[in-house]
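Step one of this worksheet: look at the structure below.
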Amino acid sequence: MSDTPDEHKPQDLAGAPAEPAPNPEPAPEPRRPRRLAVKALIGLYAASLLAAGVLLLRPTAKEGPKEKASIKLPKGLLSSGKKEYVGVVQIEGAIFQQDGGGVWAKGSGAWGKRLERLAKKTEVKAIVLAINSPGGSVGSVQELHALLARIRKEHKKPVVAQLGDVAASGGYYLAVACDKIVAHPGTLVGSIGVIFNTMNVEGLMAKLGVKQAPIKSGKMKDIGSMTRPMTEEERALLQGVIDNAYGQFLVAVADGRHMTVDAVKPFADGRIVTGEQALKLGYVDELGDSWRAVQLAAELGGIQGTPEVYREGEALSGIMDMLESRLAFMRGPDLGLLERLGALQPAGLEYRWRP
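In the numbering used here, the protein residues as written are 7 to 361.
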């Protein structure tokens with residue numbers, strides 16, 4: 007007898023033909039990386055914010071200093087008139103070569119470029135350096151300090167430091183490079199000194215079953231390692247490095263404030279003082295607000311009448327800071343955690359107040 011189609015169908019335990027297996031559902035399409043979506047949102051949001059910023063930051067009639075926001079001003083805008091300006095650059099936060107890779111450039115390099123642009127504008131007769139910073143890395147602070155000295159010498163433009171909430175350690179190091187220093191009575195000033203932060207996570211790594219085994223060219227190559235105790239020889243070497251950088255700080259303050267190193271030393275143990283105390287110590291020239299700093303800069307720059315203010319690079323920076331904070335939640339928790347952990351252990355010397 008010939009086979010029928012039913013004879014070749016799979017049978018279940020009762021002998022009845024088994025139901026054919028359902029076709030598998032098609033695999034879901036792979037999701038596009040979330041980062042692409044974030045970038046698209048950033049582009050759209052940035053465009054809307056920039057459009058709003060142009061409207062919000064147009065000069066308006068008001069009492070006090072007149073200001074011009076630097077939102078891609080047309081070439082020659084400043085040079086088209088005969089007005090004279092006081093340029094303002096804001097130093098905000100810790101001073102490092104880069105500031106966390108944010109959407110809008112910050113750090114000593116970006117601040118330096120803003121200062122250089124102001125120095126080259128013939129209509130800008132004086133500069134106010136608004137400082138609100140606890141300091142930062144030694145190299146970045148000294149780079150800006152040297153630039154300020156060069157602006158004063160080569161461009162013949164006076165620079166006035168206006169101290170905000172904090173101008174400590176490297177923040178104050180920048181202030182002493184200026185012609186005059188204006189502080190609020192309650193500004194935290196000082197913290198003259200150097201710090202090299204280390205931590206030891208050897209116990210934590212042991213609990214995790216992890217042990218580092220470096221291969222190095224010399225015994226000092228991994229000095230400051232977090233995974234082993236520091237030797238006395240290493241501690242002595244680091245102390246020598248710190249003492250040398252500390253001496254450089256003392257000389258910078260003494261030269262900038264027209265004092266002797268011996269006169270600076272008694273209050274250069276890392277302590278902070280208020281602006282009112284700093285005035286008595288000779289650390290600042292006078293107490294006042296940001297407008298007083300602008301007036302003083304105008305006087306030193308020979309500007310007659312009520313000075314107008316040109317703020318370099320702050321308008322877009324503020325808008326992009328707002329954008330970055332609004333979209334921070336889309337970056338994911340892991341990246342933020344890594345950034346915070348990295349900030350705990352910066353490499354190198356710092357002119358920085360770390361309460």
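We put the CB at the ideal spot given by N, CA and C, even for glycine.
*Can at least three beta-carbon pairs, one atom from the stretch 295-306 and one from the stretch 159-176, be found at a separation below 8 Å?*
yes
*The alpha helix (DSSP H) spanning residue 121 covers which residue range?*
114-126
*Smallest Cα separation from residue 289: which of 253, 186, 312 and 150?*
186
*Okay, do the stretch 175-189 and the stretch 140-157 touch, 3+ Cβ pairs below 8 Å being the bar?*
yes
*Inspect the CB distances between the stretch 200-210 and the stretch 228-246 and report whether three or more fall short of 8 Å.*
yes
_Segment limits, alpha helix (DSSP H) that includes residue 304_ = 296-307
*Grab me the residues of residue 293's own chain with a C-beta within less than 8 Å of its C-beta, minus the 5 sequence neighbours each way, in chain order.*
188, 189, 190, 191, 281, 282 and 285
*Just to confirm, are residue 278 and residue 197 a CB contact at a threshold of 8 Å?*
yes
*Identity of the residue in 139, 239, 94 and 248 nearest residue 172 by Cα*: 139
_Only counting the same chain, and skipping five residues up and downstream in sequence, which positions put a Cβ closer than 8 Å to that of residue 62?_
Caution is warranted here: a pLDDT of 41 is assigned to residue 62, below 50, making its placement in the model unreliable, and the coordinate value is therefore given only provisionally. Closer than 8 Å at the Cβ level, and outside the excluded window around residue 62, lies no residue.
*Contact check, residue 97 vs residue 125, beta carbons under 8 Å*: no
*Select from 301, 95, 216 and 255 the residue whose C-alpha is nearest the C-alpha of residue 318.*
95
*Classify residue 110 as helix, strand or coil using the three-state DSSP reduction.*
Because residue 110 sits at a pLDDT of 41, beneath the cut-off of 50, its placement in the model cannot be relied upon, and the point is left open.
_Which same chain residues end up closer than 6 Å to residue 67 when comparing Cβ atoms and leaving out the 5 residues on each side of it in sequence?_
With a pLDDT of 37 at residue 67, under the threshold of 50, the modelled position of this residue cannot be trusted, and the question is left open.
*In angstroms, rounded to a whole number, what distance separates the CA positions of residue 354 and residue 146?*
11 Å
*How far does the alpha helix (DSSP H) with residue 214 in it reach, from first residue to last?*
208-214
*Other residues of its chain near residue 228: CB distance less than 7 Å, five sequence neighbours each side excluded*: 220 and 222
*Beta-carbon proximity of residue 103 to residue 118, cut-off 8 Å*: no
*For the candidate residues 313, 361, 360 and 259, whose alpha-carbon lies nearest to that of residue 134?*
313
_DSSP three-state label for residue 221, please._
coil
*Under the three-state DSSP convention, the category residue 316 falls into*: strand
*Got a sec, what are the start and stop residues for the beta strand (DSSP E) residue 91 sits in?*
91-98
_Coarse secondary structure for residue 197, derived from DSSP in three states_ = coil
_As a quick exercise: from 143, 183 and 174, pick the residue whose alpha carbon is nearest that of residue 159._
183
*Which word fits residue 356, buried or exposed, when buried means at least 16 other C-beta atoms lie within 10 angstroms of its C-beta?*
buried
_Applying the 10 Å Cβ sphere with the 16-neighbour rule, what's the burial state of residue 242?_
exposed
_Environment of residue 193 [buried if 16+ CB atoms lie within 10 Å]_ = buried
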